[in-house]
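Engineer:
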DNA sequence: GCGACAG
DNA sequence: ATCTTGTCGC
Ligand SMILES: [Mg+2]
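Residue numbers (the working numbering): -16 to 285.
Listed below in structure tokens is the structure:
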């Protein structure tokens, strides 16, 4: 799924003399939550003549940002015949374009999450756990369209590294909260296909079932490979704290683990109960982040 | 300005 | 997530 191209295709539908908004483009993608991602993608637009990203402004009528400076954005809008005063588009309601031709790609991906979430199993289905892998992805500002995916596998008993793998993949999907797997799963798979030692368990940087459709990236990976997985997040995506429980819509989907002063948020991904996930994560923590993920994080950045 | 949404 | 020297505390 090339969501970056989908965004550019929508932007090209905005006619000269009209403007639209980051939120309107996000709604045409299928989910308003993607509005910030629309801005980030337009920031990387290589050709503002072919893809007139300057016609996308903030929902309050202010012009928003432009990588070449907002002066050029205002100048381009004026050349289109748009009146701009004090950084605001005049007659906003009249020039606003929202008549996008779209098949709502994010709605399709949401349905895919709902379909996969029915396959998640939350009872312990673990054989003997000898090898534990951790996965994380890293990026760089100088090359923001390449993801670096790292897998580090350790032996549980000795906590020694037995394998390290790094893969690169062109990114065609921005970070959108609750859609993380569609960004990072491809580079995970690229690295996973190359490892020689089959892990018995994979820890993933991100959530498991602690997700609005119970399909965070750890569950997405677990179900796709039918392997036991655990999600380990450094920040809380959703839910409220009840003691150490993370509760969402009346259900305990995760737990805060105080491996250091600041907690991490653990949720089962697949073939695992919450309690077992927490027990295994505690066992794997030398510092705040469990070793396989911590080491994968370092490798992905290098 | 506030709230806030993994990475 | 990224941009990033040095400093402080444990
Ligand atoms: Mg990460």
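Every residue gets a Cβ at the ideal spot worked out from N, C-alpha and C, and that includes glycine.
The structure presented is a predicted model; accordingly, all values stated were derived computationally and were not measured.
Quick one: complete alpha helix (DSSP H) runs, 4+ long, within the stretch 227 to 267?
Structural biologist: Qualifying alpha helix (DSSP H) stretches, in chain order: 257 to 267.
Engineer: If we ignore side chains and look at the alpha-carbon of each, how far apart do residue 251 and residue 214 end up?
Structural biologist: Approximately 6 Å between the Cα atoms of the pair.
Engineer: On a CA-only basis, which of 241, 280, 165 is nearest residue 322? Give me that one, please.
Structural biologist: Because the chain is modelled from -16 through 285, residue 322 falls outside the range shown and cannot be assessed.
Engineer: Taking its Cβ as the centre, do 16 or more other Cβ atoms sit within 10 Å of residue 244, making it buried, or is it exposed?
Structural biologist: So residue 244 ends up on the exposed side.
Engineer: In the DSSP assignment, find the unbroken alpha helix (DSSP H) run with residue 151 in it and report its ends.
Structural biologist: Residue 151 -> not in any alpha helix (DSSP H); beta strand (DSSP E) instead, spanning 144 to 153.
Engineer: Going by alpha carbons, who is nearest to residue -13 out of 102, 128, 105?
Structural biologist: Among 102, 128, 105, the Cα nearest to that of residue -13 belongs to 128.
Engineer: Closer than 7 Å: is that where the CB of residue 119 sits relative to any heavy atom of ligand 1?
Structural biologist: Because some heavy atom of ligand 1 lies under 7 Å away, the Cβ of residue 119 counts as near it: yes.
Engineer: For residue 64, count neighbouring C-beta atoms within 10 Å of its own C-beta (all shown protein chains included) and say buried if the count is 16 or more, exposed if not.
Structural biologist: Exposed is the call here.
Engineer: Return helix, strand or coil for residue 117, following the three-state DSSP convention.
Structural biologist: Residue state, collapsed to three classes: strand.
Engineer: Where are the alpha helix (DSSP H) runs, 4 residues long or more, that stay fully inside the stretch -10 to 77, in chain order?
Structural biologist: Those alpha helix (DSSP H) runs which fall completely within the stretch -10 to 77 and span 4+ residues are 5 to 12, 18 to 26, 53 to 62.
Engineer: Using only the heavy atoms of ligand 1, determine whether one of them is closer than 7 Å to the beta carbon of residue 228.
Structural biologist: For ligand 1, not one heavy atom lies less than 7 Å from the Cβ of residue 228.
Engineer: Can you tell me the Cα-Cα spacing of residue -11 and residue 5, whole angstroms?
Structural biologist: Residue -11 and residue 5: Cα-Cα distance of roughly 14 Å.
Engineer: So residue 98 is in the beta strand (DSSP E); what residue range does that whole segment cover?
Structural biologist: Where residue 98 is concerned, there is no enclosing beta strand (DSSP E), although the alpha helix (DSSP H) it sits in stretches over 88 to 100.
Engineer: Please list the terminal residues of the continuous alpha helix (DSSP H) segment that includes residue 169.
Structural biologist: Run containing residue 169: 163 to 175, per the alpha helix (DSSP H) assignment.
Engineer: Residues in its own chain within less than 7 Å of residue 230 by CB, not counting five upstream and five downstream?
Structural biologist: Same-chain partners within the cutoff: 222, 223.
Engineer: Given 7 Å as the limit, tell me if residue 188 has its C-beta closer than that to any heavy atom belonging to ligand 1.
Structural biologist: True, at least one ligand heavy atom lies under 7 Å from that Cβ.
Engineer: Indicate the three-state DSSP secondary structure (helix, strand or coil) for residue 215 in the structure shown.
Structural biologist: Correct three-state label for residue 215: strand.
Engineer: Where does residue 225 sit, in a helix, a strand or coil, going by DSSP?
Structural biologist: Note: residue 225 maps to strand in three-state DSSP.
Engineer: To the nearest angstrom, report how far apart residue 66 and residue 0 are at their CA atoms.
Structural biologist: Answer to the nearest angstrom: the Cα atoms are 10 Å apart.
Engineer: In terms of residues, what are the limits of the alpha helix (DSSP H) holding residue 205?
Structural biologist: Taken as a continuous stretch (DSSP letters only), the alpha helix (DSSP H) holding residue 205 covers 200 to 208.
Engineer: State the Cα-Cα distance for the pair residue 153 and residue 131, rounded to the nearest angstrom.
Structural biologist: Going by the C-alpha atoms only, they are around 9 Å apart.
Engineer: Name the two residues that bound the continuous beta strand (DSSP E) containing residue 111.
Structural biologist: Neither: residue 111 is in no beta strand (DSSP E) and is coded neither H nor E.
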